[in-house]
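Have a look at the structure below before the remarks.
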Amino acid sequence: MKTVLVSLNAKFIHSSLALRYIKDYCSYDIETIEFTINHEENLIIKTIYNASPDILGFSCYIWNIKYIKSLIPILKKIMPNIKIVLGGPEVSFESRNLLNELPIDIIMEGEGEQTWQEYLDYIHEKRVDIKNIDGLVYKQNKQIVVNDARQPLKMALLPFVYKNMDGLENKIIYYEASRGCPFNCQYCISSLEKQVRFLPIERVKRELQHFLDMNVAQVKFIDRTFNAKKDFALEIWMYIVQNDNGITNFHFEIAAELLTKSTLEVLSGARKGLIQFEIGVQSTNIDTLIAIKRFMPFEKISIITKKIASLGNIHQHLDLIAGLPYEGYSSFKKSFNDVISVRPEQLQLGFLKVLKGSGLYFDGDKYGIVYKEEAPYEVLYTKNISYKEILKLHLIEEMLEKYYNSRRFNASIEYLFSLFNTPFDFFEELGEYWECNKYDEISHKKLTYYKYLLEFAQNISNCNIDYLKELLRWDMLSHENVKEIPSIYTTLDQVPYKNEIINKLKDPQWAIQFGEEFVQKISKQKFRSIHIEFFKYNMFKEEILLNPQGIIFDYTYGNNMIKTYYIKEN
Numbered sequence: 010m011k012t013v014l015v016s017l018n019a020k021f022i023h024s025s026l027a028l029r030y031i032k033d034y035c036s037y038d039i040e041t042i043e044f045t046i047n048h049e050e051n052l053i054i055k056t057i058y059n060a061s062p063d064i065l066g067f068s069c070y071i072w073n074i075k076y077i078k079s080l081i082p083i084l085k086k087i088m089p090n091i092k093i094v095l096g097g098p099e100v101s102f103e104s105r106n107l108l109n110e111l112p113i114d115i116i117m118e119g120e121g122e123q124t125w126q127e128y129l130d131y132i133h134e135k136r137v138d139i140k141n142i143d144g145l146v147y148k149q150n151k152q153i154v155v156n157d158a159r160q161p162l163k164m165a166l167l168p169f170v171y172k173n174m175d176g177l178e179n180k181i182i183y184y185e186a187s188r189g190c191p192f193n194c195q196y197c198i199s200s201l202e203k204q205v206r207f208l209p210i211e212r213v214k215r216e217l218q219h220f221l222d223m224n225v226a227q228v229k230f231i232d233r234t235f236n237a238k239k240d241f242a243l244e245i246w247m248y249i250v251q252n253d254n255g256i257t258n259f260h261f262e263i264a265a266e267l268l269t270k271s272t273l274e275v276l277s278g279a280r281k282g283l284i285q286f287e288i289g290v291q292s293t294n295i296d297t298l299i300a301i302k303r304f305m306p307f308e309k310i311s312i313i314t315k316k317i318a319s320l321g322n323i324h325q326h327l328d329l330i331a332g333l334p335y336e337g338y339s340s341f342k343k344s345f346n347d348v349i350s351v352r353p354e355q356l357q358l359g360f361l362k363v364l365k366g367s368g369l370y371f372d373g374d375k376y377g378i379v380y381k382e383e384a385p386y387e388v389l390y391t392k393n394i395s396y397k398e399i400l401k402l403h404l405i406e407e408m409l410e411k412y413y414n415s416r417r418f419n420a421s422i423e424y425l426f427s428l429f430n431t432p433f434d435f436f437e438e439l440g441e442y443w444e445c446n447k448y449d450e451i452s453h454k455k456l457t458y459y460k461y462l463l464e465f466a467q468n469i470s471n472c473n474i475d476y477l478k479e480l481l482r483w484d485m486l487s488h489e490n491v492k493e494i495p496s497i498y499t500t501l502d503q504v505p506y507k508n509e510i511i512n513k514l515k516d517p518q519w520a521i522q523f524g525e526e527f528v529q530k531i532s533k534q535k536f537r538s539i540h541i542e543f544f545k546y547n548m549f550k551e552e553i554l555l556n557p558q559g560i561i562f563d564y565t566y567g568n569n570m571i572k573t574y575y576i577k578e579n
């Protein structure tokens, strides 16, 4: 009996931890196949058919359930004798409906490792009675049978699934040191499991060392609140800092209010890029936070996140959710401005997903929450916010992603923020400008975004366009070696200044002001990896300089490690 497990990941860089757990936990041979939701239907069907499974399992989440539901009837037609098994959070709360709706045989509710082991024992006739397998839902004599719930597995029994790293090149490595969550957030199904379980800490260290030895690019912890146990988190962060390989990045979802002074001291010693945090603020509206049972005044979160920012070495990703109870458009505007005031590296403007089994799934009517019937069950409107306002927020989200989260417009955006009452007002007007010009309906090249921002700014009465052009040039060159900057961004004739510096750079005695390494580079590579640009404004103040400031942008080490040298002599 051949067993094949399938996942449809959201992106190519993602990988399925669930499939790896089940494959390595079970004592039977299991084949796993990973696709993305962007793969063509015929390719997925053909690949599964050619694998010739007797038992076919799907790992189901909100991003892939719609696709999986469309595949199942086709697969059952071309392979009528296979047993189809569904598992994952997206099927654990509507098993009865799915069994009636689709030609499937088994649904596994809850954690799947031990359930799969016992089910395969049953299939291979090592276990006699299916009704004794906890976590199973199935049909028997046309009646739906729901077995006892599966109890959580001891974390120490889970296998380490990354001994073999084949097929994981250029992909994010997902890892968990704990399961469960101490909080009771009403929008989340992690709140359903109150008990938090941890892997033995020495085992976690060994496994993280494996990733460090393999020079993995990124390890993303999927623990719902990594620092729920403060001492545990602190010890892991100490280990990562002390054993840094200079390459690997570790991503954690944390509760900012649980960070302690001693933890911040440890984090201060981390290499820039070693650690990044995701912090779910969700809202700064007190009534909203009480309703979703995640009450934590933003003032406290703000203090902590600003302290983290002051370290200068940790990337912070802060989250907001639109469509929560009691959060109207004006209230969300305040939440947005509160959070962006911290200047996180990324601000994710998400929209409420009414997940089956969550508190808001059962209490949605109380708050007038109306949402899409199909996954991902995104909010359409509530008692407090209209559909028209939700559409405006979607446009603001698009502007936020393009112009703030991309980190390609840092200097320009900061200046433009100063011309509006709030950052939210800026993104709102920029979104309206895009929509009016139908820019949101087509795809664009990277440099086009600078052009649109300049166009938009020309309608702002108090905008210094020349200064903005300089900031846009600075932003361009700070992110990539633009061979030829479009003339619309120029504020002075660069040629005579550049020619003078190029001639001076040929003299090692003059060039030594930028360091010995720079002099050697110039002698070997000439000027292939550098760009010289002159600015008539001080980049950090809106004031014209007596003499234009020359800056050398050095791209020798790629766009992620651009060096800048200020020319002292013009």
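Take 10 as the starting number for the sequence shown in our numbering and just add one per residue. From the three backbone atoms N, C-alpha and C, an ideal C-beta is built for every residue, glycine too. All figures in this text were calculated on a predicted structure; none of them were measured in a lab.
Could you give the distance in angstroms between the alpha-carbon of residue i and the alpha-carbon of residue j?
i: asparagine 294; j: arginine 303; result: 11 Å
i: alanine 165; j: phenylalanine 207; result: 8 Å
i: lysine 533; j: glutamine 503; result: 25 Å
i: lysine 447; j: methionine 485; result: 24 Å
i: valine 154; j: serine 25; result: 29 Å
i: isoleucine 71; j: proline 62; result: 25 Å
i: isoleucine 349; j: leucine 356; result: 7 Å
i: arginine 233; j: cysteine 194; result: 11 Å
i: proline 161; j: glutamate 120; result: 7 Å
i: phenylalanine 523; j: lysine 515; result: 13 Å
i: threonine 45; j: lysine 20; result: 6 Å
i: aspartate 138; j: tyrosine 131; result: 7 Å
i: glutamine 152; j: glycine 366; result: 23 Å
i: tryptophan 519; j: glutamine 558; result: 17 Å
i: glutamate 43; j: lysine 460; result: 40 Å
i: glutamate 552; j: glutamate 99; result: 56 Å
i: asparagine 579; j: asparagine 556; result: Any reading at asparagine 579 must be qualified, since the residue scores a pLDDT of 47, below 50, and its modelled position is unreliable; no value is offered.
i: leucine 364; j: lysine 85; result: 28 Å
i: tryptophan 246; j: serine 395; result: 43 Å
i: isoleucine 263; j: glutamine 227; result: 17 Å
i: arginine 212; j: valine 225; result: 18 Å
Let me know the secondary structure DSSP gives residue i once reduced to three states.
i: glutamate 43; result: strand
i: asparagine 141; result: helix
i: glycine 289; result: strand
i: phenylalanine 169; result: coil
i: glutamate 387; result: strand
i: tyrosine 458; result: helix
i: phenylalanine 341; result: helix
i: methionine 570; result: coil
i: serine 68; result: strand
i: alanine 331; result: strand
Just to confirm my understanding: we take residue i, look at its own chain, exclude 5 residues before and 5 after, and list those with CB closer than 6 Å. What are they?
i: threonine 431; result: Asn346
i: isoleucine 64; result: Thr12, Lys92
i: leucine 268; result: Ile313
i: tyrosine 37; result: Leu129
i: phenylalanine 341; result: Ala331
i: glutamine 204; result: Gly189
i: isoleucine 541; result: Lys507, Ile510, Ile561
i: methionine 305; result: Glu266
Please list, in chain order, all residues of the same chain as residue i whose beta carbon is under 7 Å from its beta carbon, the five residues on each side excluded.
i: glycine 282; result: Asn258
i: tyrosine 413; result: Leu356, Ile422
i: serine 311; result: Val351
i: isoleucine 83; result: Ile54
Mark residue i as exposed unless 16 or more other C-beta atoms lie within 10 angstroms of its C-beta, in which case mark it buried.
i: leucine 108; result: buried
i: cysteine 69; result: buried
i: leucine 369; result: buried
i: asparagine 547; result: exposed
i: aspartate 157; result: exposed
i: phenylalanine 549; result: exposed
i: cysteine 197; result: buried
i: serine 452; result: exposed
i: arginine 29; result: buried
i: arginine 159; result: buried
i: methionine 570; result: exposed
i: cysteine 35; result: buried
i: lysine 172; result: exposed
i: glycine 255; result: exposed
If we cut at 9 Å on Cβ distances, does residue i have a partner in chain B?
i: lysine 238; result: Considering every chain present, this structure includes no chain B. It has just one protein chain.
Does the ligand GTP have even one heavy atom less than 8 Å from the beta-carbon of residue i?
i: glutamate 244; result: Inclusion of the ligand GTP in the displayed structure is not the case, the ligand content being empty and no account of it being possible.
Which same chain residues end up closer than 8 Å to residue i when comparing Cβ atoms and leaving out the 5 residues on each side of it in sequence?
i: proline 191; result: Lys203, Val205, Thr234, Ala237
- Where in the segment 197-265 do unbroken runs of the beta strand (DSSP E), each at least 3 residues long, occur, reported from the N-terminal end onward? 227-230, 258-263
- Message: What ranges does the alpha helix (DSSP H) occupy inside the segment 83-115, keeping only unbroken runs of at least 4 residues that lie completely in it?
- Response: 104-110
- Task: Within the segment 414-482, note down every full alpha helix (DSSP H) run reaching 4 residues or more, in order along the chain.
- Result: 419-426, 432-445, 455-466
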